[in-house]
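So the sequence shown is residues 1 to 316, counted in the UniProt record's numbering. This report concerns only the one structure given below.
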Amino acid sequence: MKCGIDVGFGFTKAASEKGKKVVFPSAVAKTFMTDVGLKPTSDYFVTYMNQTYAVGRAATQCLITETSFSEERFSTDFSKLLVLTALMALECDREVELGLGLPLMLYPKLKEKVKDYFEFSEEIIINSNGIAHSYHITRCEVFPQGVGALFSISSPVEDGIYCILDVGFRTTDVIVVEIRNRNINPLLDMCFTVDKGMSLAIERLGLMIERKYGVSYDTSLLFDIHERSHISVRGRKIDIEAHKKEVFTAIADDIVQSISRRLQRGFDTFDAVLVAGGGAFNVASVLQKEFENVYVLDDSQFANAKGYLTLLNLGV
């Protein structure tokens with residue numbers, strides 16, 4: 001069974017060839033199960049190598065949570081737990097062909113290391129009900145994240161030069177490719193990573209809330225900020241939609257300006273600018289005020305994961 005998993009700095013997004021999709025925060029915490037008749041209902045509690053972990057949103061509610069931003073994260077138990085939890089949530093078969101991605105700036109350095117870490121491994125993960133799930137990763141391919149997004153497009157892409165912006169939680173990848181006769185040629189001089197993502201908006205929003213209302217919300221408590229329109233302050237529900245709009249627009253504009261300074265040509269000179277990732281709509285809304293050739297990819301948050309599936313089927 002083929003599965004594409006995009007292990008992002010903020011969220012893990014996964015899609016299977018059967019059409020199932022899951023997304024959860026890229027967070028892990030060591031924990032234990034209590035025998036008081038209560039079962040966890042928030043994301044995932046799993047046991048791996050005789051240690052119980054909270055994964056996803058459940059981990060963000062623990063006292064000590066790991067949300068690693070280091071490059072080593074991609075070939076450690078931290079990443080493996082996220083991948084195995086995603087396979088379990090996707091209800092994957094035992095035999096798995098796995099497509100993973102790396103940020104553009106880390107791809108040349110870590111591609112083979114990540115592939116070797118996952119490929120041919122035999123793993124067992126146990127869910128909160130004590131049911132064991134066994135996986136054999138028979139194949140693992142590693143792709144650049146933004147290129148994966150390009151392959152999520154269902155209709156054939158016409159010949160031309162395209163700029164793909166993969167707006168993630170921690171970073172934004174910029175990939176420029178030339179397509180000729182269905183051949184994709186990355187224009188490496190115009191491919192780079194901006195060390196800015198939508199986590200900046202969450203940090204700034206946390207500071208704004210603290211200054212205005214005198215309460216502290218750390219990053220883990222604001223992970224689901226896209227889904228929330230209110231926060232609790234001393235027992236009262238406070239509407240934060242206006243604050244969210246202000247902050248996300250400002251950060252998106254900052255990301256666009258950072259990209260513009262490094263690109264060797266204007267956005268309007270591309271056949272299209274294709275925007276993917278969790279921050280796609282924020283960045284695209286800034287660009288679309290000035291350029292007519294900017295499009296958000298369908299199901300943009302899952303664009304990379306779905307693209308990895310396509311690349312697995314192509315045998316790349």
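Yeah, the Cβ is synthetic: ideal placement off N, Cα and C, and Gly gets one too. Just so it is clear, the structure is predicted and the values come from calculations on it, not from any experiment.
*CB residue 31 to CB residue 62, shorter than 9 Å?*
Residue mapping note: residue 31 aligns to position 31 of the sequence shown, counting from 1. Residue mapping note: residue 62 aligns to position 62 of the sequence shown, counting from 1. A Cβ-Cβ contact shorter than 9 Å links residue 31 with residue 62.
*For residue 18, which of 91, 102, 300 has the nearest alpha-carbon?*
The residue labelled residue 18 in the question sits at position 18 within the sequence shown. Here the closest residue by C-alpha is 91.
*Just curious, the alpha helix (DSSP H) that residue 254 is in, first and last residue?*
Locating residue 254 in the sequence shown gives position 254, counting from the first residue. 241-262 is the extent of the alpha helix (DSSP H) around residue 254.
_Residues near residue 79 by beta carbon distance below 7 Å, same chain, minus five either side_ = In the sequence shown, counting from the first residue as 1, residue 79 sits at position 79. In the same chain as residue 79, and ignoring 5 residues on each side of it, the C-beta atoms closer than 7 Å to its own belong to 7, 73, in chain order.
*Which class does residue 214 belong to by DSSP, given the choice of helix, strand or coil?*
In the sequence shown, counting from the first residue as 1, residue 214 sits at position 214. Here residue 214 sits in coil by DSSP.
*With contact counted as at least three CB pairs below 8 Å, one residue from each stretch, are the region 165-185 and the region 253-268 in contact?*
Flag = yes, the region 165-185 and the region 253-268 touch.
*Helix, strand or coil at residue 288 according to DSSP, with G and I counted as helix*: Translated into the one-based positions of the sequence shown, residue 288 becomes position 288. Coil.
*Near residue 115, which residues of its chain fall below 6 Å by C-beta distance, leaving aside the five closest residues on each side in sequence?*
One-based indexing of the sequence shown puts residue 115 at position 115. Closer than 6 Å at Cβ, skipping near neighbours: 140, 142.
*Check whether the Cβ atoms of residue 237 and residue 205 sit closer than 9 Å, and answer yes or no.*
Position 237 of the sequence shown, counted from the first residue, corresponds to residue 237. Position 205 of the sequence shown, counted from the first residue, corresponds to residue 205. For residue 237 and residue 205, no; Cβs fall outside 9 Å.
*So residue 300 packs on residue 280, CB below 8 Å; how close in whole Å?*
Stepping through the sequence shown from its first residue, residue 300 is reached at position 300. Stepping through the sequence shown from its first residue, residue 280 is reached at position 280. Confirmed, Cβ separation roughly 4 Å.
*Do residue 88 and residue 133 have their C-beta atoms within less than 9 Å of each other?*
Within the sequence shown, residue 88 is the residue found at index 88, counting from 1. Within the sequence shown, residue 133 is the residue found at index 133, counting from 1. The Cβ-Cβ distance between residue 88 and residue 133 falls below 9 Å.
*asked:* On the DSSP bridge list, what partners appear for residue 180?
replied: Along the sequence shown, read from residue 1 onward, the residue named residue 180 stands at position 180. DSSP lists 183 as partners of residue 180.
*Tell me, please, whether the region 41-58 touches the region 94-109 by the rule of three or more beta-carbon pairs shorter than 8 Å.*
In short, these stretches do not touch, since the Cβ pair count stays below three.
_Buried versus exposed, by CB contacts within 10 Å (16 or more), residue 50_ = The sequence position of residue 50 within the sequence shown is 50, counting from 1. The residue is exposed, with fewer than 16 neighbouring Cβ atoms inside 10 Å.
*Per DSSP, what kind of secondary structure is residue 71 in: helix, strand or coil?*
Counting from 1 along the sequence shown, the entry for residue 71 is found at position 71. Note: residue 71 maps to helix in three-state DSSP.
_Three or more C-beta pairs below 8 Å linking the region 183-203 and the region 103-120_ = With the cut-off at 8 Å, the region 183-203 and the region 103-120 touch.
*Would residue 247 pass as a contact of residue 201 if the rule is Cβ separation under 9 Å?*
The residue given as residue 247 occupies position 247 in the sequence shown. The residue given as residue 201 occupies position 201 in the sequence shown. For residue 247 and residue 201, yes; Cβs fall inside 9 Å.
*Per DSSP, what kind of secondary structure is residue 60 in: helix, strand or coil?*
Mapped onto the sequence shown, residue 60 falls at position 60. In this structure, DSSP gives residue 60 a helical state, which the three-state scheme calls helix.
*Span separating the alpha-carbon of residue 302 from that of residue 166*: Taking the first residue of the sequence shown as 1, we reach residue 302 at position 302. Taking the first residue of the sequence shown as 1, we reach residue 166 at position 166. Rounded to the nearest angstrom, the gap between the Cα atoms of residue 302 and residue 166 is 11 Å.
*Considering residue 142, what are the terminal residues of the beta strand (DSSP E) in which it resides?*
Counting from 1 along the sequence shown, the entry for residue 142 is found at position 142. Counted as a single uninterrupted DSSP element, the beta strand (DSSP E) harbouring residue 142 occupies residues 132-144.
_Simplified DSSP state of residue 306, which is helix, strand or coil_ = Reading the sequence shown from its first residue, position 306 is the one you call residue 306. Looking at residue 306 - three-state DSSP - the assignment turns out to be helix.
*Beta carbon of residue 157, beta carbon of residue 179: below 9 Å?*
Within the sequence shown, numbered from 1, the residue matching residue 157 stands at position 157. Within the sequence shown, numbered from 1, the residue matching residue 179 stands at position 179. Taking 9 Å as the Cβ cut-off, residue 157 and residue 179 qualify as a contacting pair.
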